[in-house]
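Q: Structure incoming, see below.
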Amino acid sequence: MRKLPLLSCDSDPLLEDDIIAIERVTGTLPRDYRSFLRDSNGGRPAAVDIRFPDPASKGSYRSVASLTVQDPQNNPELFIASISNARVKLLAVADCNNSPVLLALNRDRLGEVYLWDYDFTVMEESTLESPITLDSNAVIQILAPTFSAFLEMLEIVERPVLKELDFEPTVENFAKYGDSCFDAAKEFFDQMSTEQLNQAWPLGGKHAWPPIYRAVNHSQINTVRYLISRGVDTRYALIHCLNSFEISQILIANNATSTDLQELLKSAAFEMACTSKPEEVQKIIHHVVGLGIRPDFQDPAVIEEWKEVLGRIFNDKIIRIIKTEIGIPFDIPRRR
Numbered sequence: 129m130r131k132l133p134l135l136s137c138d139s140d141p142l143l144e145d146d147i148i149a150i151e152r153v154t155g156t157l158p159r160d161y162r163s164f165l166r167d168s169n170g171g172r173p174a175a176v177d178i179r180f181p182d183p184a185s186k187g188s189y190r191s192v193a194s195l196t197v198q199d200p201q202n203n204p205e206l207f208i209a210s211i212s213n214a215r216v217k218l219l220a221v222a223d224c225n226n227s228p229v230l231l232a233l234n235r236d237r238l239g240e241v242y243l244w245d246y247d248f249t250v251m252e253e254s255t256l257e258s259p260i261t262l263d264s265n266a267v268i269q270i271l272a273p274t275f276s277a278f279l280e281m282l283e284i285v286e287r288p289v290l291k292e293l294d295f296e297p298t299v300e301n302f303a304k305y306g307d308s309c310f311d312a313a314k315e316f317f318d319q320m321s322t323e324q325l326n327q328a329w330p331l332g333g334k335h336a337w338p339p340i341y342r343a344v345n346h347s348q349i350n351t352v353r354y355l356i357s358r359g360v361d362t363r364y365a366l367i368h369c370l371n372s373f374e375i376s377q378i379l380i381a382n383n384a385t386s387t388d389l390q391e392l393l394k395s396a397a398f399e400m401a402c403t404s405k406p407e408e409v410q411k412i413i414h415h416v417v418g419l420g421i422r423p424d425f426q427d428p429a430v431i432e433e434w435k436e437v438l439g440r441i442f443n444d445k446i447i448r449i450i451k452t453e454i455g456i457p458f459d460i461p462r463r464r
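Under this note's numbering, read the sequence shown as residues 129 to 464, first letter to last.
Okay, structure coming up:
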């Protein structure tokens, strides 16, 4: 099976007993995927970009942010979708910036690989204990007949170095690609004052975010650490960037106040119902609560704030998980 340049620090290869434990939840896994779990068990691209042709847009590519690390101690990320009028059970095996790559587990489709163009508005049910059921309008496209074939279709692209940068040297680009050309990014940001680094820079003509937000949003860990060392304000990024538990820990450790963490809890609670990776957000909530941060439900104003947050979540199982993690003492009227 094809070997990919993945960061080994993400996980260890699984033992046969580990795979059997996962199969108790998923059912029988394809042989090639079992071999992959024994050989590497996923990880993030190491100093390269990994991509594949976008099935929906000729000439475009989808970047692989990570190949899913399966953990026998946690529930696998499972989905149920309607494909060709058949109910298909799917396992997340890769992440393309929140668009999951899914492996079919039904006997008649075992091993087929699909791309789900993620849109939280088509999610009907989401829970950490059972599969997420997707709406019939969810866009799911086949990528490959087997997991091995999916690995073979992946393209390895070397990340740029300073003298070979193929993008305009702007704040937006250095925040987005910082870790892949860190020396160049650091040299670029060194020339700016902390005040300038805290400014909101227009991106794509629609949004204006400071570099720390962009770096966090694209999981540029080294760049995030550098910007923090320059004294930038991380509060906005802390509250709004919830796609990485590792980065959230870095931001929380950077003098986050109790007020900041209270706001983070509210953002994370709503995000948990919107993301394709609710367990990542649950880890953030669990970590904040473990620091002794909980809403003051003796305050009527706080109760009303949380009723508003939870009232916008239409998934009862996600509500129950949030209530258990945070210790919410009241019921939420469901809007239908």
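Every residue, glycine too, gets a C-beta built ideally from N, C-alpha and C.
For clarity, every value in this text was computed on a predicted model and none was experimentally measured.
Straight-line CA distance for Ile230 to Leu282?
A: According to the sequence as given, residue 230 is Leu; it is not Ile. Going from the Cα of Leu230 to the Cα of Leu282 covers about 15 angstroms.
Q: Using a Cβ-Cβ cutoff of less than 7 angstroms, which residues in the same chain neighbour Arg237 once the five nearest sequence positions on both sides are dropped?
A: Once the five neighbours on either side are set aside, the close Cβ partners of Arg237 are Val216.
Q: Indicate whether the contact test is met: 3 or more Cβ pairs, each with one atom in the region 297-305 and one in the region 338-347, closer than 8 angstroms.
A: Judged by Cβ distances under 8 angstroms, the region 297-305 makes contact with the region 338-347, as three or more pairs qualify.
Q: Could you have a look at Phe207 and say whether DSSP puts it in helix, strand or coil?
A: Strand.
Q: Does the distance from the CB of Asp160 to the CB of Ser276 come in under 8 angstroms?
A: In this structure, Ser276 lies closer than 8 angstroms to Asp160 by Cβ.
Q: Report all residues from its chain with a CB closer than 6 angstroms to the CB of Glu391; omit the five preceding and five following residues, and keep chain order.
A: Within the same chain, Glu391 has close Cβ partners Ile367.
Q: Quick check: is the beta carbon of Leu389 nearer than 8 angstroms to any beta carbon in chain B?
A: Within the model displayed, chain B is absent; a lone protein chain is all it includes.
Q: Would you list, in sequence order, the uninterrupted alpha helix (DSSP H) runs of no fewer than 4 residues that lie entirely inside the region 153-228?
A: Complete alpha helix (DSSP H) runs here, min 4: 159-167.
Q: Among Gly239, Leu293, Ser386 and Lys435, whose alpha-carbon lies nearest the alpha-carbon of Thr274?
A: Measuring from the Cα of Thr274, the nearest candidate turns out to be Gly239.
Q: Do you know offhand how far Lys111's Cα is from Val430's?
A: Shown here, the chain extends from 129 to 464; a query on residue 111 therefore has no answer.
Q: Would you mind reading off the limits of the beta strand (DSSP E) that contains Asp459?
A: Element bounds for Asp459: n/a, residue is neither H nor E.
Q: Along the chain, where does the beta strand (DSSP E) containing Glu471 start, and where does it finish?
A: For the chain, the structure presents residues 129 to 464; residue 471 sits outside this window and is missing.
Q: If we call anything under 8 angstroms between Cβ atoms a contact, is Tyr242 one with Ile268?
A: The answer is yes: Cβ separation under 8 angstroms.
Q: Between which two residues does the beta strand (DSSP E) containing Gln269 stretch?
A: Looking at the DSSP string, the run of the beta strand (DSSP E) that includes Gln269 is Val267 to Ala272.
Q: Quick one: what does DSSP say Pro141 is sitting in, helix, strand or coil?
A: Residue state, collapsed to three classes: coil.
Q: Roughly how many whole angstroms lie between the Cα atoms of Trp244 and Pro181?
A: The alpha-carbon atoms of Trp244 and Pro181 are separated by roughly 14 angstroms.
Q: In the DSSP assignment, what residue or residues form a beta bridge with Leu366?
A: According to DSSP, which records beta bridges pairwise, Leu366 is partnered with nothing at all.
Q: Name the one or two DSSP bridge partners that Asp245 has.
A: Answer is Val267, bridged to Asp245.
Q: Suppose the cutoff is 7 angstroms on Cβ atoms and the five residues either side in sequence are ignored; what does the same chain contact list for Asp459 look like?
A: Cβ within range, chain order: n/a, list empty.
Q: What's the gap between the Cα of Pro141 and the Cα of Asp307?
A: Straight-line Cα distance between these residues: approximately 26 angstroms.
Q: From Ala384 to Arg363, what distance separates their C-alpha atoms?
A: Roughly 7 angstroms between the two C-alpha positions.
Q: Leaving aside the five residues before and after Arg179 along the sequence, list all residues of the same chain whose C-beta is less than 8 angstroms from its C-beta, in chain order.
A: Result list for Arg179: Tyr189, Arg190, Ser191, Val192, Leu282, Glu283 and Val285, in chain order.
Q: In this structure, how does DSSP classify Leu231 when only helix, strand and coil are distinguished?
A: DSSP places Leu231 in strand when its eight states are reduced to three.
Q: Name the DSSP beta bridge partners of Trp337, please?
A: In DSSP, Trp337 forms a bridge with Trp329.
Q: When DSSP labels each residue in this structure, what does Asn350 get in the three-state scheme?
A: Correct three-state label for Asn350: helix.
Q: Look at Leu370 and Leu389 and say whether their C-beta atoms are less than 8 angstroms apart.
A: Their beta carbons are not under 8 angstroms apart, which means Leu370 does not touch Leu389 by this criterion.
Q: What's the C-alpha gap between His414 and Val352?
A: Looking at the two C-alpha atoms, the distance is approximately 22 angstroms.
Q: Return yes when the Cβ of Ala365 is within less than 8 angstroms of the Cβ of Leu379, no when it is not.
A: Going by C-beta atoms, Leu379 is nearer than 8 angstroms to Ala365.
Q: Please state the DSSP three-state secondary structure of Asp236.
A: Residue state, collapsed to three classes: helix.
Q: Does the distance from the C-beta atom of Ile449 to that of Leu393 stay below 8 angstroms?
A: Not a contact, by the Cβ cut-off of 8 angstroms.
Q: Taking 7 angstroms as the limit between beta carbons, can you name the residues of its chain near Lys314, skipping five residues before and five after?
A: Result list for Lys314: Tyr354, in chain order.
Q: Is it buried or exposed, Thr154, if we count other Cβ atoms within 10 angstroms and call 16 or more buried?
A: Its Cβ being crowded by 16 or more others within 10 Å, Thr154 is buried.
Q: Using beta-carbon positions only, say whether Ser347 and Ile375 come within less than 8 angstroms of one another.
A: Closer than 8 angstroms, so yes.
Q: Decide if Asn213 is buried, meaning its Cβ has at least 16 other Cβ atoms within 10 Å, or exposed.
A: Asn213 comes out exposed.
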